[in-house]
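K.L.:
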Amino acid sequence: MPGKAITTRLRAMHKNPPPKIDLSDEAVVQCPYATYQILHRQGGTGVDPAIGTAVGGYQDLMALARDTATFSSSITQDGQGPRHMGVGSEPVQPDVEAIFENAHPMVNALFTADPPVHTRHRKLLSKALSPGRVRALEPHIRTVARELAEGFRAQGRLDLFRDFAVPLPVTVIADVLGVDRADLWTFKEWGDLMISGNIDVLDHAQRRRVAEAVVAFHRYFIPRIEARRARPTDDLLSEMVNAREADEPPLSTEELLPIIDQVLLAGHETTTNLIGNGVLVLLERPELLARLRENADLIEPFVEEVLRWDPPIQCTYRRATREAELGGAPITPGAMVVPLWAAAGYDPSVFPEPERFDPERPNVRKHMGFGYGPHFCAGAELARLEARIAFDTLLANCDVLALDEAESDLRRLPSFASQGYRRIVLRFSAGGATGGG
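So for the sequence shown, full-length UniProt numbering puts the first residue at 1; every next one is plus one.
And the structure:
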């Protein structure tokens, strides 16, 4: 029984009771990394009484990710699949259920599914989300980035999220999914709400808004799914709808809807905050900014170190299927477990001096910014490519980059799980190009 073996090993590794933490505390939301360092000094695991056991040690996270039989990604307990109702335990209110009656049925899929269902989904989507398919998108991504740069380059001012870091990935993912560009901002609003429903604790009003977004999202995509079944095209949505493997049935609409939602998450929110977090790193380190201008080859390891040092996704969630123990914390069947993927980057046994930003670390790609194991983010390569092109474009078009402190709002987003800034406004002089490489 793999769960028992892992429990025995982890019990031996941790002698002291895990500390109590509060992941919703505003100080932790604004800077979770100090909490991670405290966790590592006390064994790597903590307990948030409102959520569950939070796991931050690198080895513990590897063990947890591999043991899908004990730590399930299907965190809903009602058998209704992903509901986007947040990670709290409060039952869904009747008026919210009434809204959901207008949504299409869904099942746990990909990110929220366990093997063998998860294995089937990854297999069917392997071609649609393959590294080769992502590399083929590079010319299109560069074109979108160049068009956006032409819009702000002459102004000497850049509202980073509004004018670049949001429209770049949203336009790209909308184009590859076959979404009309006129619908981009509606598309993003739905995505933001459903992402919040996956990773945050929601109050009643927030649950209503999320449920309404789910219904609108379904009404938008179901006709497009049906159209591509009848007449395939060359976009990513068509590839997902018509994916075939020997002895495997195609993905159903009930499976495709949550998968499209997850592609949306990987395709815009992650990239947007990765760009924003990286820009702040450069503004605080002018010598590093100068080095990246001189040597574009450093952009790739720079992006990887941002994913370790200040990753856009801090955690996901699992639910225990049986009695277990992590870091000295007993876990009962049905209890929530929080893999703190971002905390893995602050484990000093893997990353010496973890508080030091160093893109030339020999193990710079060993972070868990995209998770680990069977549920490693399927959109990781797209996010990496978009971020590299984004920094290449910014450096080519913006000289003497500086933060407009009066217009910026460097408070973190009001979510522990999604780490980003509220507003970043930059001042610059125009560079000599309208697009990188």
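Note that the Cβ used here is the ideal one computed from N, Cα and C, for glycine as well.
Quick one: what does DSSP say Tyr-220 is sitting in, helix, strand or coil?
P.N.:
helix
K.L.:
Where does Thr-7 land, buried or exposed, given buried means 16+ other C-beta within 10 angstroms?
P.N.:
Confidence at Thr-7 is low in this model, with a pLDDT of 45, below 50, so the placement of that residue is unreliable and no value is reported for it.
K.L.:
Less than 9 Å between the beta carbons of Ala-320 and Ala-343, yes or no?
P.N.:
no
K.L.:
Straight-line CA distance for residue 439 to Val-241?
P.N.:
Only positions 1 to 437 of the chain appear in the structure, and residue 439 is not among them; the question remains open.
K.L.:
Excluding the 5 residues flanking Pro-359 on each side, which residues of the same chain have their C-beta closer than 8 Å to its C-beta?
P.N.:
Leu-288, Leu-298, Pro-301, Phe-302, Glu-304 and Glu-305
K.L.:
Rounded to whole angstroms, what is the Cα-Cα separation between Leu-237 and Leu-426?
P.N.:
35 Å
K.L.:
Looking only at DSSP bridge pairs, what is Pro-330 linked to?
P.N.:
Glu-325
K.L.:
With a threshold of 6 Å on Cβ separation, who are the neighbours of Pro-94 within its own chain once the five nearest residues in sequence on each side are excluded?
P.N.:
none
K.L.:
Do Arg-423 and Asp-409 have their beta-carbon atoms positioned less than 9 Å apart in this structure?
P.N.:
yes
K.L.:
Between which two residues does the beta strand (DSSP E) harbouring Val-47 extend?
P.N.:
Counting along the chain, the unbroken beta strand (DSSP E) around Val-47 starts and ends at 45-48.
K.L.:
Can you tell me the Cβ-Cβ gap for Pro-169 and Leu-148, rounded? I've got them flagged as a contact below 8 Å.
P.N.:
No, Pro-169 and Leu-148 are not in contact; Cβ-Cβ is about 11 Å, not under 8 Å.
K.L.:
What did DSSP end up calling Arg-361 once you bin it into helix, strand or coil?
P.N.:
coil
K.L.:
Gly-57: which of Arg-412, Trp-309, His-40 and Thr-68 sits nearest, CA to CA?
P.N.:
His-40
K.L.:
I'd like to know if the stretch 269-283 and the stretch 127-140 are in contact, where contact means that at least 3 CB-CB pairs between them fall below 8 Å.
P.N.:
Using a Cβ-Cβ distance cut-off of 8 Å, the stretch 269-283 and the stretch 127-140 are not in contact, since fewer than three pairs of beta carbons, one from each stretch, lie closer than that value.
K.L.:
Is Trp-190 near Ala-216, with beta carbons less than 9 Å apart?
P.N.:
For Trp-190 and Ala-216, yes; Cβs fall inside 9 Å.
K.L.:
What are the start and end residues of each continuous alpha helix (DSSP H) run of 4 or more residues lying completely inside the stretch 256-288, in chain order?
P.N.:
270-284
K.L.:
Would you mind sorting Ile-51 into buried or exposed? The rule is 16 or more other CB atoms within 10 Å of its CB.
P.N.:
buried
K.L.:
Output the distance between the C-alpha atoms of Thr-401 and Arg-411, rounded to the nearest integer angstrom.
P.N.:
Here the sequence assigns Leu to residue 401, which means Thr is not the residue at that position. So the alpha carbons of these two residues sit roughly 20 Å apart.
K.L.:
Does the pairing of the stretch 100-115 with the stretch 223-236 give three or more beta-carbon distances under 8 Å?
P.N.:
no
K.L.:
According to DSSP, is Met-336 helix, strand or coil?
P.N.:
strand
K.L.:
Which partner residues of Ile-173 appear in the DSSP bridge assignment?
P.N.:
Looking at the DSSP assignment, Ile-173 forms no beta bridge with any residue, so it has no partner.
K.L.:
Our contact map puts Pro-105 next to Glu-254 with C-beta atoms below 8 Å; I'd like the distance itself, whole angstroms only.
P.N.:
5 Å
K.L.:
Please find out if some non-hydrogen atom of the ligand GDP comes closer than 8 Å to the beta-carbon of Leu-256.
P.N.:
The ligand content of the structure shown is nil, which means the ligand GDP is not present either.
K.L.:
Which of the three DSSP states is assigned to Ala-402 in this structure?
P.N.:
strand
K.L.:
State the start and end residues of the unbroken alpha helix (DSSP H) segment that holds Ser-252.
P.N.:
That residue, Ser-252, is in no alpha helix (DSSP H); it is neither H nor E in DSSP.
K.L.:
Helix, strand or coil: which one does DSSP assign to Pro-2?
P.N.:
With a pLDDT of 42 at Pro-2, under the threshold of 50, the modelled position of that residue is not reliable, and the figure given next carries that caveat. Residue state, collapsed to three classes: helix.
K.L.:
Quick check on Thr-270: buried or exposed, where buried means 16 or more other Cβ atoms within 10 Å of its Cβ?
P.N.:
Result: buried.
K.L.:
Below 8 Å CB to CB, which residues in the same chain sit around Leu-385 once its five sequence neighbours on both sides are set aside?
P.N.:
Val-134, Arg-135, Leu-137, Glu-138 and Ile-141
K.L.:
Quick test of the definition: if touching needs 3 or more C-beta pairs under 8 Å, does the stretch 117-128 touch the stretch 243-253?
P.N.:
With the cut-off at 8 Å, the stretch 117-128 and the stretch 243-253 touch.
K.L.:
When you compare the CB positions of Asp-200 and Ser-429, do they come within less than 9 Å of one another, or not?
P.N.:
no
K.L.:
Please check the pair Leu-326 and Asp-60, which I expect to be a contact at CB under 8 Å, by giving their CB distance rounded to whole angstroms.
P.N.:
6 Å
K.L.:
Nearest by alpha-carbon distance to Leu-394: which of His-204, Ser-196 and Gly-151 is it?
P.N.:
Gly-151
K.L.:
Below 8 Å CB to CB, which residues in the same chain sit around Arg-209 once its five sequence neighbours on both sides are set aside?
P.N.:
Leu-193
K.L.:
Starting from Ser-429, trace the beta strand (DSSP E) both ways and give me its first and last residue.
P.N.:
For Ser-429, the enclosing beta strand (DSSP E) stretches over residues 425-430.
K.L.:
Using only CA atoms, which one of Gly-373, Met-62 and Pro-17 lies nearest to Asp-347?
P.N.:
Met-62
K.L.:
Hey, could you find the ends of the alpha helix (DSSP H) Thr-393 is sitting in?
P.N.:
Run containing Thr-393: 380-397, per the alpha helix (DSSP H) assignment.
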